[in-house]
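Asks:
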Ligand code: ADQ
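In my numbering, the protein residues as written are 64 to 530.
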């Protein structure tokens, strides 16, 4: 870590990962570096739900992971249902992904959200040292700094939003949205994924709170100052390339080559979420088979969709829709020895992802809305530079701002997406190499370590604002 920060780093997020375990993913690995070098602490929910537990209370657990202290807290069933399943995932998640139609703003959800943020602040505050630097992650914990400030915490506090920030009219539709403003202004630095998100932030605070723009992402309102800028998250390119040499990855690669060596493979890897545009992707693939018959008996889409938030009704509906679509397409086009779609509704081991990416001629990363989308970057990292595959990327993923050499699509436009997939499948090797080289350079230069360094450097250098 080359950051100028002086104090210990304290990371707060809904879930806590053991940074030493590769399975924890790139973010845990990246934050792990920053945490370990400062002897830091990671604070969050333990993942345990206590049936019959008192709302607003929870037992604290402490654990060491090398140089890093992991501190986690249990949640009562009522807090889990309102704060996590409720307000975070049925109000903020859909609203921030432009899906007000799916948002449920039940009053009890918001009360639980506030209660848990207050609980986190109450448990965390006594553990803090005066020179700590606190980095809060994601939409579950937007009001945390405000709660910490109310308890007298004067440390530097930064916030990073992993999901998109929608434009002001959508934010303003959130009942009682004024809390958002107070919450953002309790931070010293607010990080967003894309420039478009930072633009939405600027417009929102100016239009809704009459904030004054101070330049360079700085704003003043409510007697406070905050800086808000885009910090597009990256992946750990080297860690991912290392995963490719694992036994599991190599075994998966030889299995895929044996099974699909004579086919054209397309891959999609997502959580089963309505923001990921999966039905639209399946329909575009069907259109590809209908309009470009040369792909029949050849093009095969492997779609991994890991189960997520299964107790929320919208996810159940989506699952049924996808199962229906996959069945229809396989029924209409499949042959005895060829199924167009391999739809796997399960978690795919991280170690086996590189093989899947490497064996696929085309990756379909076509969310309707996504903060960034790391699958797009992982796919590029795993390609053979001499014979790389092609990334078909939604223009509505945050990644599209950086990855202009991908084939950008509007996922709502199914015929145009099908046409672009056809172009990807037919792209000459010279063009594939040229596009891939630019994309690879981009993701190598802006990896997850660069992201956390830039954020923490800025957090330690933005002007301290009056409380
Ligand atoms: P997610 O919505 O989870 O994350 P994404 O960035 O695509 O989306 O994936 C995060 C990680 O999960 C990647 O490392 C990916 O490989 C892994 N993953 C996804 N689906 C998987 C599956 N089926 N099996 C195994 N692994 C899978 C949120 C935001 C994104 C943002 C990230 C990081 O929604 O926009 O990019 O946070 O900030």
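The beta carbon of each residue, even a glycine, is placed where N, CA and C say it ideally should be. No experiment lies behind these values; they were computed from the predicted model shown.
Does at least one heavy atom of the ligand ADQ sit under 7 Å from the Cβ of residue 424?
Replies: As a first step, residue 424 is located in the chain shown; it is residue number 361 there, counting from the start. Outside the cutoff, so no.
Asks: Would the C-beta of residue 77 count as close to the ligand ADQ, meaning under 7 Å from any of its heavy atoms?
Replies: For this step, residue 77 is matched to residue 14 along the chain shown. It does not: the Cβ of residue 77 is nowhere closer than 7 Å to a heavy atom of the ligand ADQ.
Asks: Is it the case that the stretch 483 to 495 contacts the stretch 347 to 360, given that we only count it when at least three CB pairs across the two stretches are under 8 Å?
Replies: Contact holds: three or more Cβ-Cβ distances are below 8 Å.
Asks: In this structure, how does DSSP classify residue 124 when only helix, strand and coil are distinguished?
Replies: Here residue 124 refers to the residue found at position 61 of the chain shown. DSSP places residue 124 in strand when its eight states are reduced to three.
Asks: Between 451, 190, 514, which lies nearest to residue 495 when the distance is taken from Cα to Cα?
Replies: Your numbering for residue 495 matches position 432 in the chain shown. It is 451 whose Cα lies nearest to the Cα of residue 495.
Asks: Mind checking whether residue 505 and residue 445 have CB atoms under 8 Å apart?
Replies: What you label residue 505 is simply residue 442 of the chain shown in a count that begins at 1. What you label residue 445 is simply residue 382 of the chain shown in a count that begins at 1. Against a cut-off of 8 Å, the Cβ pair of residue 445 and residue 505 comes out as no contact.
Asks: Using the C-alpha atoms, what's the distance from residue 206 back to residue 213?
Replies: Translated into the one-based positions of the chain shown, residue 213 becomes position 150. Translated into the one-based positions of the chain shown, residue 206 becomes position 143. Spanning the two alpha carbons is a distance of roughly 11 Å.
Asks: CA-CA distance, residue 250 and residue 474?
Replies: As a working note, residue 250 is residue 187 in the chain shown. As a working note, residue 474 is residue 411 in the chain shown. Rounded to whole angstroms, residue 250 to residue 474 spans 35 Å at the Cα level.
Asks: Considering only C-alpha positions, which residue in the set 102, 101, 81 is nearest to residue 92?
Replies: Position 29 of the chain shown, counting from 1, holds the residue named residue 92. The shortest Cα separation from residue 92 among 102, 101, 81 belongs to 81.
Asks: Between the stretch 427 to 441 and the stretch 455 to 471, are three or more C-beta pairs nearer than 8 Å?
Replies: Yes: the two stretches touch, three or more of their Cβ pairs being nearer than 8 Å.
Asks: When you measure from the CB of residue 411 to every non-hydrogen atom of the ligand ADQ, does any distance come out below 7 Å?
Replies: By one-based count along the chain shown, residue 411 stands at place 348. Yes, Cβ of residue 411 sits closer than 7 Å to a heavy atom of the ligand ADQ.
Asks: Can you find a heavy atom of the ligand ADQ that lies under 7 Å from the Cβ of residue 466?
Replies: What you label residue 466 is simply residue 403 of the chain shown in a count that begins at 1. Checking every heavy atom of the ligand ADQ against the Cβ of residue 466, none is found closer than 7 Å.
Asks: Between residue 141 and the rest of its own chain, which residues show a CB-CB distance below 6 Å, the 5 nearest in sequence each way excluded?
Replies: Counting from 1 along the chain shown, the entry for residue 141 is found at position 78. 118.
Asks: Measuring only from the beta carbon, is residue 369 closer than 7 Å to any heavy atom that is part of the ligand ADQ?
Replies: Counted from its first residue, the chain shown places residue 369 at position 306. Answer for residue 369: yes, Cβ within range of the ligand ADQ.
Asks: For residue 254 versus residue 518, is the C-beta distance shorter than 8 Å?
Replies: Stepping through the chain shown from its first residue, residue 254 is reached at position 191. Stepping through the chain shown from its first residue, residue 518 is reached at position 455. In this structure, residue 518 lies closer than 8 Å to residue 254 by Cβ.
Asks: What I want to know is whether the C-beta of residue 510 ends up closer than 7 Å to one or more non-hydrogen atoms of the ligand ADQ.
Replies: By one-based count along the chain shown, residue 510 stands at place 447. No; taking the cut-off as 7 Å, the Cβ of residue 510 has no heavy atom of the ligand ADQ nearer than that.
Asks: Locate the alpha helix (DSSP H) running through residue 171, then write down its first and last residues.
Replies: Taking the first residue of the chain shown as 1, we reach residue 171 at position 108. Where residue 171 is concerned, the enclosing alpha helix (DSSP H) stretches over 170 to 187.
Asks: Could you tell me the alpha carbon to alpha carbon distance between residue 380 and residue 386, rounded to whole angstroms?
Replies: On the chain shown, residue 380 is found 317 positions in, with the first residue counted as 1. On the chain shown, residue 386 is found 323 positions in, with the first residue counted as 1. Distance between the alpha carbons of residue 380 and residue 386 is about 10 Å.
Asks: Along the beta strand (DSSP E) that carries residue 284, what are the first and last residues, could you check?
Replies: For the purposes of this step, residue 284 is taken as residue 221 along the chain shown, with counting starting at 1. Unbroken beta strand (DSSP E) run through residue 284: 281 to 284.
Asks: Below 8 Å, how does it come out for the stretch 279 to 292 and the stretch 307 to 318: are there three or more Cβ pairs, yes or no?
Replies: No, because fewer than three Cβ pairs between the stretch 279 to 292 and the stretch 307 to 318 fall closer than 8 Å, the two stretches do not touch.
Asks: So residue 244 is in the alpha helix (DSSP H); what residue range does that whole segment cover?
Replies: The residue labelled residue 244 in the question sits at position 181 within the chain shown. Segment 241 to 247, the alpha helix (DSSP H) holding residue 244.
Asks: For residue 180, collect the residues of the same chain with a Cβ closer than 7 Å to its Cβ; drop the 5 residues on either side in sequence, then sort them by chain order.
Replies: Locating residue 180 in the chain shown gives position 117, counting from the first residue. So the qualifying residues of the chain are 204, 206, 207, 210.
Asks: Taking the beta strand (DSSP E) that residue 254 falls in, what are its first and last residues?
Replies: As a working mapping, residue 254 is identified with position 191 in the chain shown. Where residue 254 is concerned, the enclosing beta strand (DSSP E) stretches over 252 to 255.
Asks: Which word fits residue 330, buried or exposed, when buried means at least 16 other C-beta atoms lie within 10 angstroms of its C-beta?
Replies: By one-based count along the chain shown, residue 330 stands at place 267. By the neighbour-count rule (16 or more Cβ atoms within 10 Å), residue 330 is buried.
Asks: Give the secondary structure of residue 372 by DSSP, where H, G and I count as helix, E and B as strand, and everything else as coil.
Replies: The residue given as residue 372 occupies position 309 in the chain shown. Three-state result, residue 372: coil.
Asks: Need the endpoints of the beta strand (DSSP E) that residue 200 sits in, please.
Replies: Taking the chain shown and counting its residues from 1, the one referred to as residue 200 is at position 137. Counting along the chain, the beta strand (DSSP E) containing residue 200 begins and ends at 196 to 200.
Asks: For residue 77, which residues of its own chain have a beta-carbon under 8 Å away from its beta-carbon, when the five flanking residues on both sides are left out?
Replies: On the chain shown, residue 77 is found 14 positions in, with the first residue counted as 1. Taken in chain order, the residues that qualify are 107, 108, 147, 151, 200, 201, 203, 204.
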